[in-house]
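Here's the structure we're looking at; comments come further down.
2 protein chains.
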Amino acid sequence: MDRQTHSSQLGAAFAQHYYSTFDHNIENLGSLYADNAFFSFEGNCVIGPVDIMNRFRSMGFSQIIHKIFTVDAQPGPVEGTHIIFVTGQFAIDGEVDKPHLFSETFQLAQQGGSVVIINDIFRRVSQG
Amino acid sequence: MDRQTHSSQLGAAFAQHYYSTFDHNIENLGSLYADNAFFSFEGNCVIGPVDIMNRFRSMGFSQIIHKIFTVDAQPGPVEGTHIIFVTGQFAIDGEVDKPHLFSETFQLAQQGGSVVIINDIFRRVSQG
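These protein sequences, in sequence, are chains S and C.
For the first sequence, the UniProt record's numbering begins at 1 and goes up steadily by one.
For the second sequence, the UniProt record's numbering begins at 1 and goes up steadily by one.
So, in structure tokens, the structure goes:
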């Protein structure tokens, strides 16, 4: 299997797992992030699982549903790294008729035998 | 300057330069890509500046205007790498009243003293 195909398969599985965890077991998200992971949410960056989880908890929704439109993936700069790029929509607290478009970029890396998130950048996408 | 701030400054300058080159000197874009750069355009991936430039030339527009909404950046997995994440809109052939939303992720790396693109993933963003 070539590197590009490997990244694509890993990316698809990762995105499925990530957003399913987000929607159903949000407290488990922290374990997906590396100790020094960067997370940028609408332009504000925090570092590490503790601050990332605090950021999620502060978002103030009680329910969220993500829908994935596209997942692209490429091999990163060193062995075991992959960039995953997702577009989709999400709805909060049952407002399924008012979904928000988003796109999100992850970089994954091998750490101690596991695949963890080292970069995560999230933006809602709307007319500027 | 911390790594995050350095990436942000580099990201802002890169995005300005990249889209200005795209809009005004598209034939110069090839020199911004590493020899083994990956470029995914709407799910199709090509590798290297020659195939990337052929992809741009095959898009069939005679004029394009990008407008950047947001630029986020983070340090990548190894020294000298940076992820740059852009949202914005573009209009082709003067259709400024029909802009298309897009988001695009780059990864930059040092190569022979220059900063080059090693990853590029582009998607238009619209309701799925």
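Glycine included, C-beta positions come from ideal geometry on N, C-alpha and C.
All figures in this text were calculated on a predicted structure; none of them were measured in a lab.
Could you say which of the options lies nearest to residue i if we only look at CA atoms?
{"i": "Val78 (chain C)", "options": "S:Ala13, S:Asn119, S:Ala12", "result": "S:Asn119"}
{"i": "Asp35 (chain C)", "options": "C:Gly43, C:Ile47, C:Phe41", "result": "C:Ile47"}
{"i": "Ser28 (chain C)", "options": "C:Phe38, C:His17, C:Ala37", "result": "Checking the displayed sequence, the identity of residue 28 (chain C) turns out to be Asn instead of Ser. Nearest option by C-alpha distance: C:His17."}
{"i": "Ser114 (chain S)", "options": "S:Tyr33, S:His6, S:Gln63", "result": "S:Tyr33"}
{"i": "Arg3 (chain C)", "options": "C:Lys67, C:Ser31, C:Gly80", "result": "C:Gly80"}
{"i": "Arg55 (chain S)", "options": "S:Ser40, S:Glu95, S:Ala15", "result": "S:Ser40"}
Can you name, in chain order, every residue of its own chain whose Cβ lies under 7 Å from the Cβ of residue i, other than the five neighbours on each side?
{"i": "Gly76 (chain C)", "result": "His82, Ile83, Gln107"}
{"i": "Tyr19 (chain C)", "result": "His66, Ile68"}
{"i": "Phe61 (chain S)", "result": "Ile92, Asp93"}
{"i": "residue 133 (chain S)", "result": "Since the first residue shown for chain S is 1 and the last is 128, residue 133 (chain S) is missing from the structure and cannot be characterised."}
{"i": "Ser58 (chain S)", "result": "none"}
Kindly indicate the opening and closing residues of the alpha helix (DSSP H) around residue i.
{"i": "Leu10 (chain C)", "result": "3-24"}
{"i": "Asp51 (chain S)", "result": "49-57"}
Ends of the beta strand (DSSP E) at residue i?
{"i": "Pro75 (chain S)", "result": "64-75"}
{"i": "Asp120 (chain S)", "result": "114-124"}
{"i": "Phe38 (chain S)", "result": "33-41"}
{"i": "Thr105 (chain C)", "result": "100-111"}
{"i": "Val86 (chain S)", "result": "82-92"}
Excluding five sequence neighbours on each side, which residues of the same chain lie with their C-beta closer than 6 Å to the C-beta of residue i?
{"i": "Asp72 (chain C)", "result": "Phe85"}
{"i": "Gln74 (chain C)", "result": "Ser7, Ile83"}
{"i": "Gly11 (chain S)", "result": "Val71, Ala73, Ile84"}
So, under 8 Å CB-CB, residue i and residue j are touching, yes? Tell me the CB distance rounded to an integer number of Å.
{"i": "Phe122 (chain S)", "j": "Phe102 (chain S)", "result": "7 Å"}
{"i": "residue 139 (chain C)", "j": "Val125 (chain S)", "result": "This structure leaves residue 139 (chain C) out entirely; chain C is present only between 1 and 128."}
Can you pull the DSSP bridge partners for residue i?
{"i": "Leu29 (chain C)", "result": "DSSP, once it has assigned bridges, lists no residue as partnering Leu29 (chain C)."}
{"i": "residue 190 (chain S)", "result": "Lying outside 1 to 128, the shown extent of chain S, residue 190 (chain S) is not represented and no answer is given."}
For residue i, I'd like the list of residues in its chain whose CB is within less than 8 Å of its CB, leaving aside the five on either flank, ordered along the chain.
{"i": "Ala37 (chain C)", "result": "Ile47, Gly48, Pro49, Ile52, Val116, Ile117, Ile118, Asn119, Asp120"}
{"i": "Lys98 (chain S)", "result": "Ala91"}
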